[in-house]
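Order-wise, the sequence lines are chains X and U. Counting in this note's numbering, the first sequence runs from 1 upward without gaps. Counting in this note's numbering, the second sequence runs from 1 upward without gaps.
There are 2 protein chains.
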Amino acid sequence: MKRNAKVSTAVIRRLPRYYRHLSELQEDGVVRISSSGLGKSMGLTASQIRQDLFCFGGFGQQGYGYKVDSLKEEIGEILGISRGHTLVVLGTGNLGRAIIQNFRFSSNGFRLLAAFDVNPDMVGTQVAGVPVYHTDEMEAFVSSRQVDVGLLTVPIAAAQQMGDRLVRAGVKGIWNFTNYELTCSQPGVVVESVHFSDSLLTLSYLISQQEVLEKTQEEHP
Amino acid sequence: MKRNAKVSTAVIRRLPRYYRHLSELQEDGVVRISSSGLGKSMGLTASQIRQDLFCFGGFGQQGYGYKVDSLKEEIGEILGISRGHTLVVLGTGNLGRAIIQNFRFSSNGFRLLAAFDVNPDMVGTQVAGVPVYHTDEMEAFVSSRQVDVGLLTVPIAAAQQMGDRLVRAGVKGIWNFTNYELTCSQPGVVVESVHFSDSLLTLSYLISQQEVLEKTQEEHP
DNA sequence: TAGATTGTTAATCGATTAACAATC
DNA sequence: TAGATTGTTAATCGATTAACAATC
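So, in structure tokens, the structure goes:
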């Protein structure tokens, strides 16, 4: 793998999509794929795919294309899937529990070690085999087990404070599901947010545009 | 509001963030904000904010800045928050139920009318006051009530098929929570996806980079 | 009025696309 | 070998930043 000078976030955000598409191709028994073939199925240009992969080195063979297996493997490596990252969940409300029960952490190279909550009804129980401890024990757990990531699903009012605690406890990243824009002063700690609200409002904008468009067409056919 | 020629997706994706930040400012009792002030708190340049807003028209006052209330109002209007959009949920598994119970649809201008599932244990029940019907009844419901959006939380294997059914039933948009990249042939129908996996893998990449960086620093201090 | 800050055009920067030699 | 397709550089396009006149 090439020493990656500086990869733009646009490229980084496409890497998981490549990985996902290659996994699907693999399941479908496809052995080789060209940049134009992959581009067609993903809605990207062949040129862009080659340019993206070029950031990390040459994974293909001229005149042949890319081997699905090994390209998937390489991109997985770039994404850090085999690094054995660990995470804990903060907050075991509806959303926290749903993610614990549904999300395939291991397919993404993560091990979910524990969950934490302040609710005495939850503390001491298990969710899908994952033990729930009291939030007071979070710091000790995270630092002794060197946990990489904290998944935040606490109420929005507690989000920033809990984020700060995670950072102080030594996590490398926060996966933020609260609808709050965490600020993280600590350099070297990454915050990645899933903002449901932003996503729905984007959809709202797009269908509103569509509505206006259709109305205009009715008036001026 | 200006006739918006063609607004780039980069701008569109920032609109919900503006809306969110303006709401927070409003709650904090802030009355006016300058582009540089807003930029500082959001990590954007003042120039970019003015350029973004310029896509839709002049909302500020020279020498003064922007009134938080009215700017929030205007952006909400652009996003279609007051259009009374409606939606239904497909799939009432852990994730579907968690979203129904947790997500503040009304704050985003949506009314959640019903949920659908094939599981006989769910059909006929309510989740947070939302009635659950059998999926067979979805088409009739969506077309008679002119539902705007279908939220997909069905198992991945059923995703594409259920997406197709929603489109045929006449929705304008699909909010996709399955880890499947829906293809939608129908022009005028919008698909907006929340890919947990892509988000976590991006985080995985970023912390892996950080790990490499720190290791290098240890070796060459 | 003087100061501040927008609206808006121009300049710069970065990302995408095109092109083509290298080579499997 | 001929054909195909990559790796990689150059050209283009679009998004961000800078600048400044307009004006509150």
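Glycine included, C-beta positions come from ideal geometry on N, C-alpha and C.
Going by CA-CA distance only, name the one from X:G109, X:Q101, X:F54 and X:S204 that's closest to E77 (chain X).
Nearest option by C-alpha distance: X:G109.
Taking 7 Å as the limit between beta carbons, can you name the residues of its chain near I33 (chain U), skipping five residues before and five after?
L25, G65, Y66 and V68
Assuming T9 (chain U) is part of the alpha helix (DSSP H), what are its boundary residues?
T9 to E27
Taking one C-beta from the segment 119 to 132 of chain U and one from the segment 49 to 65 of chain U each time, how about it: are there three or more such pairs within less than 8 Å?
The segment 119 to 132 of chain U makes no contact with the segment 49 to 65 of chain U: fewer than 3 CB pairs, one atom from each, lie closer than 8 Å.
In this structure, how does DSSP classify G163 (chain X) when only helix, strand and coil are distinguished?
helix
Within-8 Å CB hit, M1 (chain U) to chain X:
Because M1 (chain U) carries a pLDDT of 43, less than 50, the predicted location of this residue cannot be relied on, and the following value inherits that uncertainty. Not one chain X Cβ lies under 8 Å of M1 (chain U).
Chain-ordered chain U contacts of K6 (chain X) [CB-CB under 8 Å]:
The contacting residues do not exist; K6 (chain X) stays about 11 Å from chain U at best.
Per DSSP, which residues does P131 (chain U) bridge with? Please list them.
U:Q126
F196 (chain X) versus chain U: which residues are under 7 Å apart at the beta carbon?
F103 and V194, listed in chain order.
In angstroms, rounded to a whole number, what distance separates the CA positions of V194 (chain X) and L203 (chain U)?
11 Å
Below 9 Å between beta carbons is the criterion; list the residues of the segment 97 to 123 of chain X that meet it against any residue of chain U, in chain order.
Hits within the stretch, in order: R97, A98, I99, I100, Q101, N102, F103, R104, F105, S107, N108, G109 and F110.
Return the residue from the list U:S208, U:V189 and U:F196 that minimises the CA-CA distance to Y205 (chain X).
U:V189
Of all the options X:M162, X:Q217, X:G170 and X:V130, which has the alpha carbon lying nearest to the alpha carbon of R145 (chain X)?
X:G170
Reducing DSSP to helix, strand and coil, say where E77 (chain U) ends up.
helix
For a contact defined as C-beta to C-beta under 9 Å, what are the partners of L71 (chain U) on chain X?
Those do not exist, as L71 (chain U) stays about 15 Å from chain X at its closest Cβ, beyond 9 Å.
Which of the three DSSP states, helix, strand or coil, is assigned to T45 (chain U)?
coil
Let me check understanding here. Comparing Cα to Cα, which of X:R83, X:S47, X:G93 and X:F141 lies closest to P120 (chain X)?
When only C-alpha atoms are compared, the closest one is X:G93.
Can you check whether the CB of V88 (chain U) is closer than 8 Å to the CB of F141 (chain U)?
yes
Using a Cβ cut-off of 9 Å, which residues of the segment 198 to 212 of chain X contact any Cβ in chain U, in chain order?
Cβ contacts with chain U: D198, S199, L200, L201, T202, L203, S204, Y205, L206, I207, S208, Q209, Q210 and E211.
For G150 (chain X), which of X:E192, X:A128 and X:T183 has the nearest alpha-carbon?
X:E192
Under 8 Å between C-beta atoms of T178 (chain X) and L152 (chain X):
Yes, the pair counts as a contact, with Cβ atoms nearer than the cut-off.
Can you give the beta carbon distance from G96 (chain X) to A115 (chain X), rounded, assuming they're within the 8 Å contact cut?
7 Å
For V130 (chain X) and I159 (chain U), the rounded distance between their alpha carbons
Reading off the sequence shown, one finds Ala at residue 159 (chain U), where the question assumed Ile. Between A159 (chain U) and V130 (chain X), the C-alpha separation is close to 28 Å.
Using a Cβ cut-off of 7 Å, pull out every chain X residue sitting near P16 (chain U), in sequence order please.
S197, D198, L201 and T202
Do S197 (chain U) and P155 (chain X) count as a contact pair if the criterion is CB distance below 8 Å?
no
So L79 (chain U) and L201 (chain X) are in contact, right, with Cβ under 8 Å, and what is the actual spacing, rounded?
5 Å
Contacting residues, own chain, Cβ-Cβ under 8 Å from A157 (chain U) (five flanking each side not counted):
Cβ contact annotation for A157 (chain U) (same chain, cutoff 8 Å, sequence separation greater than five): none.
Which residues of the segment 126 to 160 of chain U have a Cβ closer than 8 Å to any Cβ of chain X? Give them in chain order.
Taking a C-beta cut-off of 8 Å against chain X, the contacting residues of the segment 126 to 160 of chain U are D148 and V149, listed in chain order.
Chain-order list of residues whose beta-carbon lies under 8 Å from that of L166 (chain X) (same chain, five-residue window excluded)
L90, M138, V142, G150, L152 and I174
Buried or exposed: V132 (chain X), going by 16 or more other Cβ atoms within 10 Å of its Cβ?
Answer is buried; the Cβ neighbour count reaches 16.
Consult DSSP for G150 (chain X) and reduce its assignment to one of helix, strand or coil.
Residue state, collapsed to three classes: strand.
Using the three-state DSSP reduction, which class does L213 (chain X) fall into: helix, strand or coil?
helix
Could you tell me which of U:P187, U:A128 and U:V118 sits nearest to M162 (chain U), measuring between CA atoms?
U:V118
Run through chain X and tell me which residues come within less than 9 Å of G57 (chain U), C-beta to C-beta.
Those do not exist, as G57 (chain U) stays about 15 Å from chain X at its closest Cβ, beyond 9 Å.
Pick helix, strand or coil for N94 (chain X), following the three-state DSSP scheme.
helix
Measure from the C-beta of K67 (chain U) to each C-beta in chain X and report whether the shortest distance is under 8 Å.
K67 (chain U) does not count as touching chain X.
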